[in-house]
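K.L.:
Residue numbers (this note's numbering): 11 to 196.
All C-beta atoms, glycine included, are put in the ideal place defined by N, C-alpha and C.
Pasting a structure here, questions to come.
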């Protein structure tokens with residue numbers, strides 16, 4: 011199963027990078043497979059550690075995609091990094107194995123520390139639809155315009171039926187971003 015998360019990692023200058031990532035998780039390990047090129051990939055190779063933030067606020071994912079990455083951060087307990095204040099929970103991880111691949115290498119990471127920060131508020135269809143739109147936004151150069159627009163139209167049904175104010179803001183931001191990307195593609 012792939013779990014949609016936000017990964018935070020540090021570069022050589024100590025600058026925090028925050029990026030959405032689908033990860034795989036077992037009881038003690040997390041597998042991160044970033045596409046090349048990727049700041050997260052570079053940071054994991056350099057520092058061999060990161061934070062996996064579990065967040066249920068779709069607007070956080072959208073803000074990462076559209077480049078508005080101003081989040082409150084807090085210092086980790088076991089590694090030199092930061093977790094996002096919006097996280098419901100997070101795992102501090104250390105790379106224990108690196109499997110090279112020309113397109114998408116994989117990092118096997120041991121969970122060193124986990125913390126639950128806030129209660130989970132429940133599932134919401136619009137949040138899931140917005141996360142799917144975020145994934146589409148990262149693939150505008152790979153997928154055909156017609157496919158993306160068809161997917162967005164379908165996803166909009168859930169958003170219209172089940173959104174709160176934050177989800178409507180997130181949906182507007184991500185669809186504007188996708189439409190701009192598609193316009194620039196032509």
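Can you look up residue 192 in the DSSP assignment and give me helix, strand or coil?
P.N.:
What you label residue 192 is simply residue 182 of the chain shown in a count that begins at 1. Correct three-state label for residue 192: helix.
K.L.:
Rounded to whole angstroms, what is the Cα-Cα separation between residue 122 and residue 105?
P.N.:
Here residue 122 refers to the residue found at position 112 when the chain shown is read from its first residue. Here residue 105 refers to the residue found at position 95 when the chain shown is read from its first residue. Each residue's alpha carbon lies about 10 Å from the other.
K.L.:
Measuring straight from C-alpha to C-alpha, what distance separates residue 103 and residue 27?
P.N.:
Working through the chain shown from its first residue, we reach residue 103 at position 93. Working through the chain shown from its first residue, we reach residue 27 at position 17. Cα to Cα, residue 103 sits roughly 15 Å from residue 27.
K.L.:
If we ignore side chains and look at the alpha-carbon of each, how far apart do residue 36 and residue 43 end up?
P.N.:
Against the chain shown, residue 36 aligns to sequence position 26. Against the chain shown, residue 43 aligns to sequence position 33. Computed Cα separation, rounded: 15 Å.
K.L.:
Contact between the stretch 113-131 and the stretch 161-169: three or more CB pairs below 8 Å?
P.N.:
No contact exists between the stretch 113-131 and the stretch 161-169.
K.L.:
Looking only at its own chain, which residues have a Cβ that is under 8 Å from the Cβ of residue 46, when we skip the five neighbours before and after it?
P.N.:
Here residue 46 corresponds to residue number 36 of the chain shown, with the count starting at 1. Within the same chain, residue 46 has close Cβ partners 112, 113, 114 and 115.
K.L.:
May I have the straight-line CA-CA distance separating residue 17 from residue 77, to the nearest angstrom?
P.N.:
For the purposes of this step, residue 17 is taken as the residue at position 7 of the chain shown. For the purposes of this step, residue 77 is taken as the residue at position 67 of the chain shown. Cα to Cα, residue 17 sits roughly 15 Å from residue 77.
K.L.:
Please state the DSSP three-state secondary structure of residue 54.
P.N.:
In the chain shown, counting from the first residue as 1, residue 54 sits at position 44. Here residue 54 sits in helix by DSSP.
K.L.:
Taking the Cβ atom as the reference point for each residue, do residue 147 and residue 75 lie within a distance shorter than 8 Å?
P.N.:
The sequence position of residue 147 within the chain shown is 137, counting from 1. The sequence position of residue 75 within the chain shown is 65, counting from 1. Cβ distance < 8 Å, so residue 147 and residue 75 count as in contact.
K.L.:
Do residue 188 and residue 139 come within 8 Å of each other at the CB atom, strictly closer than that value?
P.N.:
Reading the chain shown from its first residue, position 129 is the one you call residue 139. Reading the chain shown from its first residue, position 178 is the one you call residue 188. No, the pair does not count as a contact, with Cβ atoms beyond the cut-off.
K.L.:
For the alpha helix (DSSP H) containing residue 161, list its first residue and its last residue.
P.N.:
Start at 1 with the first residue of the chain shown, and residue 161 comes out as number 151. That run of the alpha helix (DSSP H) goes 155-172.
K.L.:
If residue 20 and residue 53 are in contact, beta carbons under 8 Å, what's the gap, nearest whole angstrom?
P.N.:
Along the chain shown, read from residue 1 onward, the residue named residue 20 stands at position 10. Along the chain shown, read from residue 1 onward, the residue named residue 53 stands at position 43. Their Cβ separation, rounded to whole angstroms, is 6 Å, which keeps residue 20 and residue 53 in contact under 8 Å.
K.L.:
Whose CA, out of 81, 145, 56 and 24, lies closest to the CA of residue 63?
P.N.:
Translated into the one-based positions of the chain shown, residue 63 becomes position 53. Residue 81 is the option with its Cα nearest to residue 63.
K.L.:
May I ask you to report which of helix, strand or coil DSSP gives residue 63?
P.N.:
One-based indexing of the chain shown puts residue 63 at position 53. Residue 63 falls in the strand class under three-state DSSP.
K.L.:
Quick check on DSSP: helix, strand or coil for residue 37?
P.N.:
Residue 37 sits at position 27 when you count from the first residue of the chain shown. Note: residue 37 maps to coil in three-state DSSP.
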